[in-house]
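J.: Okay, handing you the structure first.
2 protein chains.
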Amino acid sequence: MTESAGRFLRACRRQDADATPVWFMRQAGRSLPEYRAIREQYSLLEICRRPEVCAEVTLQPIRRLGVDAAILFADIMIPLIGTGVDLDLVENVGPVIRHPIRAAADIAALRAIEPEQDVPYVLDTIRLLRGELGGTPLIGFAGAPFTLAAYLVEGKPSRDFIRVKGFMYREPDLWHDLMTRLSDMVVAYLQAQIAAGVQAVQLFDSWVGALSPRDYARYVLPYSRHILSAVGGNVPVIHFGTNSATLLDQMAAAGGDVIGVDWRIPLDAAWERVGTDRAVQGNLDPCVLLAPPAVIEEQARDVLERAAGRPGHIFNLGHGVHPETPVDHLARLVEFVHTYSAGRRAAGAAPVGVAR
Amino acid sequence: MTESAGRFLRACRRQDADATPVWFMRQAGRSLPEYRAIREQYSLLEICRRPEVCAEVTLQPIRRLGVDAAILFADIMIPLIGTGVDLDLVENVGPVIRHPIRAAADIAALRAIEPEQDVPYVLDTIRLLRGELGGTPLIGFAGAPFTLAAYLVEGKPSRDFIRVKGFMYREPDLWHDLMTRLSDMVVAYLQAQIAAGVQAVQLFDSWVGALSPRDYARYVLPYSRHILSAVGGNVPVIHFGTNSATLLDQMAAAGGDVIGVDWRIPLDAAWERVGTDRAVQGNLDPCVLLAPPAVIEEQARDVLERAAGRPGHIFNLGHGVHPETPVDHLARLVEFVHTYSAGRRAAGAAPVGVAR
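Residue numbers (our numbering), protein chains in the order written: chain P, 2 to 357; chain G, 2 to 357.
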């Protein structure tokens, strides 16, 4: 593996590298014209179920953008779809569940996942990609149980998450059952991805920022901790949420080698809350990519300066790439992050936390 | 004014009171059956434009819930509607703008507000209410310029605010023009409400939590500061946002006698960031009102304990009452806040910050 190919995994382990690694959530898909061309032929789900096509879509941003890691193209609902949950991935809306969870029987109907039987195409895509990616590491992922439960109980994307919270408050035993089943599913799904060859995994708790710190502690943390301790140790694990500024200490306590951070908190303040014994990933507002290049660079520079050259920073957005994002803005940002961080390092700006 | 009627205004000024005052954002409307009966006859806008009906809707929660303050029933888009912006308040969606702001000409078309001509019904409702409310104080309000701009540029409620942020980054001069016009409108609108008789005002910056602290400082704070300094001094001003845990210090710096806080940060941590020279308002998750009474009381008690009896806490939700909220849960919560805080005070639990 060349030094540049090793950047991402070194940063996950808080080892120094030649430049700050960068990848983008949702780098595969939506904003890329070559992806849109494929989407004219196949639905999102059809892409996921065709390993050759899915591998191609995963590779597109590597070729086009020069990012330091590939992330498997998939949807967080895939393991649920694989185990028979009846749902649609509706264009411009998101997952829509035919029979949202309302009662014990709905939860009892969720069955355990057997990844090689239920989602073989995911594992085949991973095996195919490992042959094609060369030194570029491949990240697998799963939705965290709160985020999955939010979809299952709400029935569709929600602004206020009132149904899932109401369910959680009113039915603590059913909530425990639901979160336990989802956690077991996530563990099996991630372990299968690791066995198939992914070199890191990310747990997406995208909607967890809807919760108070008190509710996170009671209703979410134990399940995330179970997953992160079952999956950790083999490959680096990234634990990600949005709107999570006040949850970062608890998310770090739940586990993960790398804690994902959104733009609502400056990166240095976030790293302080997470603890410098962890790596951090983030945290440019994806909306900034709609700005002129000078504004993008100014804001990216601020993120890099707040990381202060401390080993263990993976540059990313605070959430997924928006479909409206100009592709050349993404490519230029990758180049800027590499050049600026390598230059900063060469100029001998003291990286914090490294004995000199 | 009886002691209980004075609770709210005393708390705004951080003066001790017999019990913690409580009111709810969106206490008028949606969840109340007597409101729904009126809505069968009138649209939301028709209610706002009929002072007798609007006053009745404003009074309903005072009678039904026993809250310590009334808030004028209105919509944050009213001053824009009054000055001729073409928009609909769509049921279950929110404001939909016919011609969203895209260019300089759209901003130039926004004209200054003359409240007595443009929104006479709002001021008439206030005058009517002051005659009927007795000792219960009346809160006026306006949307803050970022939140108004978000609707005007997005054209409809948004999840990610990508259009308004893109506009702000790409067109800083137009942004300044837009925010200046909106700020001047808000100042004139709030000053007219104060002249008509409201005894406090709240500035709702509901969507400001979509911004990074860095962007808040540059694109929002100067305008909010202008409004809060122009309006402040006559009546207490509440400065409210959601998702604002990492903005609280800047929101306090922008101004306001009381800073509104949502549930994503514990109240004591929030008050520390705001500074104890301000009052705070909050911060129960409105979704908690769908929980059984025991859970509601447990969470309300936690909020009250974190306020620690320090003068200057106004109990509220972190955002508006959800339409699905059982009305008896609201009434019981008001009673609990009064009883628990009065009991705590009588038992001599040391209020923080009060010399004994």
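The C-beta atom is built at its ideal place from N, Cα and C for all residues, glycine as well.
#1: Given a limit of 7 Å on CB to CB distance, which residues of the segment 164-194 of chain G reach chain P?
#2: Among 319/P, 343/P, 341/P, 296/P, whose alpha-carbon lies nearest the alpha-carbon of residue 330/P?
#3: Within 10 Å of its beta-carbon, does residue 342/P have 16 or more other beta-carbons around it, so buried, or fewer, so exposed?
#4: Return yes when the Cβ of residue 143/P is within less than 8 Å of the Cβ of residue 80/P, no when it is not.
#5: Does any residue of chain P bring its CB to less than 8 Å from the CB of residue 214/G?
#6: Using only CA atoms, which one of 258/P, 73/P, 187/P lies nearest to residue 233/P?
#7: Start and end of the alpha helix (DSSP H) containing residue 268/P?
#8: Find the residues of chain P that neighbour residue 293/G, judging by a C-beta separation of less than 9 Å, and give them in chain order.
#9: Please name the residue, chosen from 159/P, 160/P, 154/P, 183/P, that lies closest to residue 169/P on a Cα-to-Cα basis.
#10: Rounding to the nearest angstrom, what Cα-Cα distance links residue 242/G and residue 210/G in this structure?
#11: When burial is assigned at 16 or more other CB atoms within 10 Å of the CB, is residue 84/G buried or exposed?
#12: Can you check whether the C-beta of residue 289/G is within less than 8 Å of a C-beta belonging to chain P?
#13: Hey, out of 269/P, 282/P, 335/P, 239/P, whose CA is closest to residue 140/P's CA?
#14: So residue 77/P packs on residue 71/P, CB below 8 Å; how close in whole Å?
#15: Report yes or no: do three or more beta-carbon pairs, one from the segment 303-316 of chain G and one from the segment 271-284 of chain G, lie closer than 8 Å?
#16: Specify, as a first and last residue, the run of the beta strand (DSSP E) that residue 203/G falls within.
#17: Measure the C-alpha to C-alpha separation of residue 183/G and residue 347/G and round it to an integer number of angstroms.
#18: Kindly identify the DSSP beta-bridge partner or partners of residue 282/G.
#19: Which complete alpha helix (DSSP H) runs does the segment 140-175 of chain P hold, if anything under 4 residues is left out?
#20: Quick one, which of 149/P, 23/P, 39/P, 60/P has its alpha-carbon nearest residue 132/P's?
#21: Give the residues from the segment 230-258 of chain P that approach chain G closer than 7 Å (Cβ to any Cβ), ordered along the chain.
#22: Quick one: what's got a C-beta closer than 8 Å to residue 8/G's C-beta in the same chain, skipping five residues either side?
#23: Taking Cβ positions only, does residue 296/P come closer than 8 Å to chain G?
#24: For residue 30/P and residue 58/P, which I take to be in contact (beta-carbon distance under 8 Å), what is that distance rounded to the nearest angstrom?
#25: DSSP beta-bridge partners for residue 239/G?
#26: Pull the bridge partners of residue 71/G from the DSSP assignment, please.
#27: Rounded to a whole number of angstroms, what is the C-alpha to C-alpha distance between residue 193/P and residue 114/P?
#28: Give me the Cα-Cα distance between residue 302/P and residue 107/G, rounded to the nearest whole angstrom.
#29: What residue range does the alpha helix (DSSP H) around residue 83/P cover?
#30: From 325/P, 324/P, 290/P, pick the residue whose C-alpha is nearest to that of residue 337/P; which is it?
#31: Within the same chain, show all residues whose beta-carbon is closer than 6 Å to that of residue 157/P, passing over the 5 residues directly before and after it, in chain order.
#32: On the DSSP bridge list, what partners appear for residue 97/P?
#33: Where do the ends of the alpha helix (DSSP H) carrying residue 339/G lie?
#34: Pull the bridge partners of residue 23/P from the DSSP assignment, please.
#35: Since residue 310/G and residue 285/G are thought to touch, with beta carbons under 8 Å apart, how far apart are those beta carbons, to the nearest angstrom?
#36: Under 8 Å between C-beta atoms, does residue 330/G make it to chain P?
T.: Let's see:
#1: 166, 167, 170, 171
#2: 296/P
#3: buried
#4: yes
#5: yes
#6: 258/P
#7: 268-275
#8: 170, 171
#9: 154/P
#10: 7 Å
#11: buried
#12: yes
#13: 239/P
#14: Going by Cβ atoms, the distance from residue 77/P to residue 71/P rounds to 17 Å, so no, they are not a contact pair.
#15: yes
#16: 201-206
#17: 46 Å
#18: 261/G, 315/G
#19: 146-155, 163-171
#20: 60/P
#21: 244, 246, 247
#22: 18, 19, 20, 21, 22, 69
#23: yes
#24: 7 Å
#25: 203/G, 259/G
#26: 139/G
#27: 10 Å
#28: 33 Å
#29: 79-83
#30: 290/P
#31: 97
#32: 89/P
#33: 328-347
#34: 316/P
#35: Between residue 285/G and residue 310/G the Cβ distance is about 17 Å, and since that is not below 8 Å, they are no contact.
#36: no
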